[in-house]
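Protein chains in written order, with my numbering: chain U, 583 to 1041; chain W, 583 to 1041; chain S, 583 to 1041; chain A, 583 to 1041.
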């Protein structure tokens, strides 16, 4: 799941609470297990003499124990799961040998079947049995959310993490997801989750939530049968008469709702993933495309589909690159910057960074503003990782989906967070379904697709 | 899916019709593809430059083409899928080498992750993309149903079959199945499927179906979100005051419904798998256990849960073993048999087999009847495959689930099919949830669990 | 409810069964009540010291008793309900006097309120309390269905009948009805009711029902929250490319479904009321209009909405009017008739009636056929009751709704029933929503609206 | 609808807003109607030449006009409805004459039918046609809510009001109401209404609402198919281990939810009617009984069902009766009161009233407290209207339902509103379903049923 935005800091503590709450019923019965007992229980989960349901009961008992376990115990559980149920090396070796012999003969297919069987790790069956009881998928997703931050520190967890991701990719296959509209008639418990999970523009109150679900808005989420009542990802859309340049009017709870039947433009102004444990499982891409199709059929007058997005790492990128940015600027520009900032000379790197704190006061057409817009265009349109992907996570997400950078808006988000991360700027990424594949091809060649206006900012 | 009963002969033609009907919309557009074109389209399905949705569109085009393809073309499609998307042998070799080196070191987990990646066949991704469009899972299940009968003749298809089964095992994981009651308020289209899929006792009319869904009956099926409106397996239950000894009263549409609140016994008298394409994916086991739990909570008076089942291969087993059966019978018995059959001497094998055609006329306590019951007890209670599994497919299913052979009923099913396959006999397999694991353990030691009465028939 | 067609003969026995089945639980408890006991219970139902719920319990007890009562006891119950809870004559007299005095003064409104109160019969409250328990409305509707055939014989029942009709008119007000589509995904129990209630063209089998619910058909019914799962009236529609001239192709279960998206014409070929007890409560009118609106929005290509209807009393009208019909025919016509019928002279009345039995063999353009079409046009287009309403019940229904007689179809229904009642003819009544009010106005002036073609048949 | 508590002041303005919003679509089309035009439109509504649907269209047009009409225009609409569609006096006179003649003869029933027809006012048909369009019932209920406060000032409106009430009594008959649980999974729009309509203890925030819908609470409402998503009345219940003595713990959002499975007592702590326009239509009575039954079946351990209720008119009753209360108190009591209040002598009426402002500071066992509890017991247990009904509206409601006054709680509600209206006291009314009818009988004899403890306060 290419996260288009930073997740909430509170994510893990919530997961922990839920893990605690969900399974607390078993507390008395389970008590404190020794490592040996835990390993024994895990082995019982995949005891092949047991039926799936019976194995599932043992899995539920492990989840019960886990719910009340201390951090160190949970960590031990991860390690046991990761290390004690590995591949059968010699069986793989033997089957691979046979397979190699069989290549090109009529026996190849059967040899592949055998190799495939030799390859199936006990861990796979172990984890699959957790899906047999009703809260089991929830448990695994939450466990992975807890586990992920530890991954870097302890390489031994990689096998468990990788296998969970693979399993989730199959379970949460896009064909199993249900697109559902969320509005003010949705359940309060669901809207409460929206408020909690919204990762781009915090929901400040129930009135704020209601405004975002009003008649001139649309909100859609993907749901999965095994995580009922839980949106995996959701997107908020405003139906407008023109491409939005700033976020404030959209979040104004006092503004009267527009007539959505007269709207020409759909603005995707927030998209939030909710399940940290599903990292690497991608569905945001499909969400946007399916929502565009949905909106087109409901509102045939809609002609333009675009986002209004932050540039969350612009400020930190500026901090790292300020020297070279200033150096590469024409002398005349540097002098104008110095003048506007009230300096005697062209600004040094430190001056410029200090000045950025006051960006909210810069006039729109000023040299400073033009310089900043140009720097942002360079960051978004030229900044690529060594693998050729956009540097900015939000750009990576939308350009990867086939969008184009359409416009960069001056002071689109003057909130403290907007100023701190994005220097107040916001971007419209344009989704033109007919050009999606062409845009993706351009990106693959290392050229993020830009509108003429954004091209202009680069020169 | 251990099929407890023979599937309908018409299975495949139905699948073919559906495959034809479902996708016929694309007929004009698709036309006849050359092998080259087909291979190209399959490669497009897993083109990694495409999004899941875009790849899914190519998969849907293949399904459209398939729907109108001739048998030989379909066969070619299977072969391409099976042979052209194999494992990457050298990548596996390399990764396996590294893995072997890393065993026991801190790098083992990452090496496993890498080996796992090397192992992922393109075919896996190919098939998964078929799940991205709405009829895709339906397509794969039906395609496998068509493919299965060809498997023995053409070994090259094994890789495709095995991979489909593995995929289905994850998708149709028991945690994703929904148990739903089916009754006369269910949709006519669903009940029509019940009539079509019923594999044990044919449903003769809508009145017959209504009788099986009456107040003193229960019918439950497992449903999956990707095959909506389609029961994967279903079971029919009668609520009675005693253990049923024969099927006729249960199928009598004239009989007045009993008062289910006074019932002490639940009789499972039919269990049918519906999807030939899901062979090897097991869920019948869980169905029975979950239905028992469901019934216990709805009717706390229920004390006994048992089946009323056919012995579908009894007659053919008798034909193969008649010589030794007669030989091992005491002389007195053989003479009695001869007398009752109106022969001058003890019957020869051929005599006995010929006489079996008239089994419906044998008096219940006669020597012939007793001899046949004994032979049936031996077949069910002693007849094991070299791997130690029961010979009879229905016995294999229920004993494998932890049931016990409780009673063999004389002329329990006097229908032509009952006489032809089971010599008119029917068995009650008893489900005692508290002893299920114990019974499974006995079976694992080569001793099918029997009631005292059935033990008695053996001596 | 102007019944467009004869109800099933079995109607009352079904009602009686249901009344028996619904309340049989109470059999033992209730036993046989004396008249005195029955009257006492009825008085308890409206005991004002009791709450609605408590009063409703007594009403339920009466319904329980009624379910097992003999015909004579039920009849007594009706009489008690009709005669023992009458208006309070003197209170009405007094209140009416005051009201007359108050007319035109500021006290008039209050005087009306008082008169209204004086007028409320205890019977009204009695019947309303039957609505307080869940099967109560069902009970009253079924009781009236039983009562209606007795009305003519026993005038004393008129008060009860009239009050029930008034109550039903409020409860079954069109605003409380829900229009629902019925198709093959509807519950089997609902489709079973369709089969039972279909009053125009008998449903011969479940296959026949399925054909009428196929993709090129639509079936809609009105439902009411107090009679759940019970269609009050339903209509069957075929989507075609031209106005249907005969019923057989529509009922042919072998015919392949047409492509409904290419249809230009919606043919209403059956409309059935289901609740005899709701006679006089009109909703068929609204059903057709709402279905036309529904179809227009789903299929914008539809341009023509018409029925294909029987002329159920044509034959009996011919029998009564054959003399004058023949007399008024031109001599040339009469001679042609005689010739075609193989008579030496023009046919006498008896000859003509006898010949009608062979109508199925008459060639379409023959003199006989033309004469019969002319007679039918006269019956439909000129035949009015003294109150100026169409003689034919189906014509009365559709013309009353604002339809026009569009075409009379030769041998549109060659079934035995069609020949026996309608001499094989069928009519298309055309619904043109823009002219509905104009057509109603024409009818009110005694001129049923006719197409030019039907006008032509009259001359 | 005996309102157990004061309605919100904002009631009417809300209704007006809704009437404005609901029908604003028609604004341009309708414009300003003259009185003549309005009368004409009303006459069209009941034009018998029109179908119900057509008449309903005119009714909808009137509602559209009304939505934007000024107060004076609305008032005129009411008067036209009330005065221009009266009873047909002479037809009633004639029919009444015939009826009188027919009494006791076989013609009586038919004469009653005729009298009934003569009596049907055009106004009835007029109002019924408003139910034919989807927002029509909503319109009538809201119109009556607006009309009710004017009733006293203008007697001419009585006929309209009375007829509306009669119509609503049939439409909102208890058999048509659906009891539904409301919890945190209910729609946000519904919970928003709860917050708005709660009339006893204001809901201060969404957290407050969530607390009242938590696992140890139950909330039920009655819903009607014609006012979808709108609770007509709702009740809030807490599941506890003992009879609650004060409201604060129940409204404490920080308190952890109790284990509802261990609860022995259900406390009804708030019951609110929501529709001012349904005044006089009673369903609160049935709500409590049905909720008790519901709770009993869900929680078989529950043994005690009681309310925790305010005494909203206690303070004003004290103000009117303070003189006689003091006079009738024993001298010793009066002296003790004076002493506790720091007065030199026994308190005068004015002193006592002034002191009541400080009731929150009175110690529980003090003479002042005991005197106040005694006065409250007298008010509740002895205070009857001339018609013999309890003075206090809440007592009237619960005693009328068959409850008993169980306990009066000192400082049960120390909120400003609680102190201002109820002097901080709260009452438990006990619902013992087995004694409901007995209690109602006692009340009918002028003796409100009291517990021993409350009896004790009276002496």
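Every residue gets a Cβ at the ideal spot worked out from N, C-alpha and C, and that includes glycine.
Do we get a CB-CB distance below 8 Å when we pair residue i with the residues of chain U?
| i | result |
| --- | --- |
| residue 855 of chain W | no |
| residue 871 of chain W | yes |
| residue 756 of chain W | yes |
Is there a Cβ from chain A that is less than 8 Å from the Cβ of residue i?
| i | result |
| --- | --- |
| residue 713 of chain S | yes |
| residue 551 of chain S | Outside the shown range of chain S, which is 583 to 1041, sits residue 551 of chain S, and nothing can be said about it. |
| residue 695 of chain S | yes |
| residue 767 of chain U | yes |
Among the options, which one has its Cα closest to the Cα of residue i?
| i | options | result |
| --- | --- | --- |
| residue 959 of chain W | W:984, W:720, W:992, W:888 | W:992 |
| residue 792 of chain U | U:770, U:626, U:809, U:761 | U:770 |
| residue 706 of chain A | A:755, A:625, A:730 | A:625 |
| residue 860 of chain S | S:729, S:1007, S:910 | S:729 |
| residue 1023 of chain S | A:834, A:623, A:631, A:1007 | A:631 |
| residue 636 of chain W | U:988, U:639, U:1019 | U:1019 |
| residue 962 of chain U | U:871, U:1033, U:951, U:697 | U:1033 |
| residue 796 of chain A | A:847, A:879, A:767, A:678 | A:767 |
Compare the C-beta of residue i with all C-beta atoms of chain W and state if any pair is closer than 8 Å.
| i | result |
| --- | --- |
| residue 1037 of chain S | no |
| residue 584 of chain S | A caution first: residue 584 of chain S carries a pLDDT of 36, below 50, which makes its placement in the model too unreliable to give a value. |
Step through the CB atoms of chain S and report whether any lies within less than 8 Å of the CB of residue i.
| i | result |
| --- | --- |
| residue 788 of chain W | yes |
| residue 905 of chain A | no |
| residue 633 of chain A | yes |
What did DSSP end up calling residue i once you bin it into helix, strand or coil?
| i | result |
| --- | --- |
| residue 849 of chain S | strand |
| residue 825 of chain S | coil |
| residue 1012 of chain U | strand |
| residue 666 of chain U | coil |
| residue 1020 of chain A | helix |
| residue 715 of chain S | coil |
| residue 856 of chain U | coil |
| residue 624 of chain W | helix |
Any heavy atom of the ligand MG inside 7 Å of the beta-carbon of residue i?
| i | result |
| --- | --- |
| residue 745 of chain W | Summarising the ligand content, the structure contains no ligands, and the ligand MG is consequently not present. |
**Study point:** Against chain W: residues of the segment 668–692 of chain U by CB proximity under 8 Å
**Key:** Residues 668, 669, 671, 674, 675, 678, 681, 682, 685, 688, 689, 690, 691, 692.
**Study point:** Positions along the segment 969–990 of chain U whose CB lies within less than 8 Å of some CB in chain W
**Key:** Taking 8 Å as the Cβ-Cβ cut-off against chain W, the residues of the segment 969–990 of chain U that qualify are 983, 984.
**Study point:** Members of the segment 926–946 of chain U that neighbour chain A once the beta carbon cut-off is set at 8 Å
**Key:** Answer in chain order: no residues at all.
Check your understanding: Okay, do the segment 881–897 of chain W and the segment 974–989 of chain W touch, 3+ Cβ pairs below 8 Å being the bar?
Key -> Touching, yes.
Exercise for review: Take every Cβ of the segment 862–877 of chain W, pair it with every Cβ of the segment 741–754 of chain W, and state whether three or more of those distances are shorter than 8 Å.
Suggested key: Contact between the segment 862–877 of chain W and the segment 741–754 of chain W is established, with three or more Cβ pairs separated by less than 8 Å.
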